[in-house]
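Below: the structure, in structure tokens.
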């Protein structure tokens with residue numbers, strides 16, 4: 001069983017850390033930002049003062065924080081992970097951040113003699129709790145093999161995509177697909193309801209055909225019921241689409257549908273929905289249409 005440092009025990013990180021603990025691994029947590037969760041401590045996790053101390057104690061150090069600046073901070077602050085790592089240690093960033101920044105972070109960690117894996121996940125809070133996350137990994141094959149038992153305790157579909165940065169690139173691609181599917185489902189249900197059909201019955205009919213998808217199944221039901229507690233917050237999906245659009249600018253390519261989905265998310269944010277689940281994208285469309293599929297206004 002491994003000694004694992006885990007930094008970032010929020011909506012996603014907490015159940016991921018819990019699944020590692022249930023698998024028999026030892027956890028070391030940092031209390032530099034928030035107090036360590038009581039249930040993890042009760043299960044045997046040890047709280048330390050800062051990321052440096054966590055890195056000194058652990059063989060593997062997992063990061064699960066919201067965005068690129070937070071990853072940079074826990075890595076390279078004066079008492080950060082980089083100050084505590086060395087040969088034989090593996091740093092695993094499971095956040096969703098910039099592929100370009102990831103390559104730079106990996107190079108700095110490698111200079112310390114440690115190995116670096118970018119391993120963002122897909123599957124949301126449900127997948128984190130069920131240990132069924134899809135995990136997209138960039139880094140050396142030997143580091144991947146060493147960390148594989150950890151990934152298997154947290155996820156099901158585990159893929160070594162390529163070198164450092166490629167895991168994050170795959171995650172950005174994933175978020176493009178998810179956003180556009182959410183928008184497609186939302187537009188279809190809005191169209192059906194405005195045209196007088198029962199959106200719940202339309203969803204039921206579509207689930208048996210070529211339009212069927214996990215988004216239609218899970219988020220379509222959320223749209224119909226109006227259950228928009230995260231989940232995966234709109235603000236985080238906006239962050240991921242910003243990575244896509246910034247990457248597109250760097251690559252000199254156009255992602256018009258991604259840009260459009262981002263505008264609808266921005267409408268949601270403007271009406272107070274930054275912390276809604278991303279399935280609430282439909283509320284941005286409803287706002288523009290002055291019509292709700294739930295109350296038929």
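Numbering (UniProt numbering), first residue to last: 1 to 297. Glycine included, every Cβ here is placed at the ideal spot set by N, Cα and C.
Between residue 234 and residue 280, the C-beta gap is smaller than 9 Å, which places the two residues in contact. 239 is the residue among 92, 205, 127 and 239 whose C-alpha sits nearest the C-alpha of residue 269. Counting only residues of its own chain and dropping the five nearest sequence neighbours on each side, residue 74 has a CB closer than 7 Å to the CB of 7, 51, 63, 65, 80 and 81. Taking 9 Å as the cut-off, the Cβ atoms of residue 85 and residue 117 do not count as close. Under DSSP, residue 56 takes part in no beta bridge, so it has no partner. Around the C-beta of residue 263, fewer than 16 other C-beta atoms lie within 10 Å, and the residue is accordingly described as exposed.
9 Å or more divides the Cβ of residue 34 from the Cβ of residue 18. For residue 41 and residue 286, the gap between their C-alpha atoms comes out near 44 Å. In its chain, beyond the 5 residues on either side, 165, 247 and 250 have a beta carbon closer than 8 Å to the beta carbon of residue 100. The beta carbon of residue 143 is closer than 6 Å to those of 90, 115 and 117 in its chain, skipping five residues each way along the sequence. Assigned with DSSP and collapsed to three states, residue 3 falls in strand. Looking at the backbone, the Cα of residue 260 and that of residue 184 are separated by about 12 Å.
Collapsing the DSSP output to three states places residue 140 in coil. Taking all protein chains in view, the Cβ of residue 44 is surrounded by fewer than 16 other Cβ atoms within 10 Å, so the residue is classified as exposed. In this chain, the alpha helix (DSSP H) harbouring residue 172 covers 166-194. Beyond the five residues adjoining it in sequence on each side, residue 122 comes within less than 6 Å, by CB distance, of 134 and 174 in the same chain, given in chain order. Put simply, of 196, 271 and 98 the residue whose alpha carbon is nearest the alpha carbon of residue 70 is 98. Beta-bridge partners assigned by DSSP to residue 110: none are found. In the three-state DSSP reduction, residue 28 falls in the strand class (E or B).
The shortest CA-to-CA distance from residue 289 to any of 58, 37, 267 and 277 is the one to 267.
Residue 45 sits in coil when the DSSP states are folded into three classes, being neither helix nor strand. About 19 Å separates the Cβ atoms of residue 119 and residue 76, ruling out a contact at the 8 Å cut-off.
As the crow flies, the alpha-carbon of residue 92 is around 11 Å from that of residue 146. Short of 7 Å from the beta carbon of residue 292, and not among the five residues preceding or following it, lie these beta carbons of its own chain, in chain order: 286. Contact check for residue 138 and residue 167: beta-carbon distance about 3 Å, within the 8 Å limit, so the pair qualifies.
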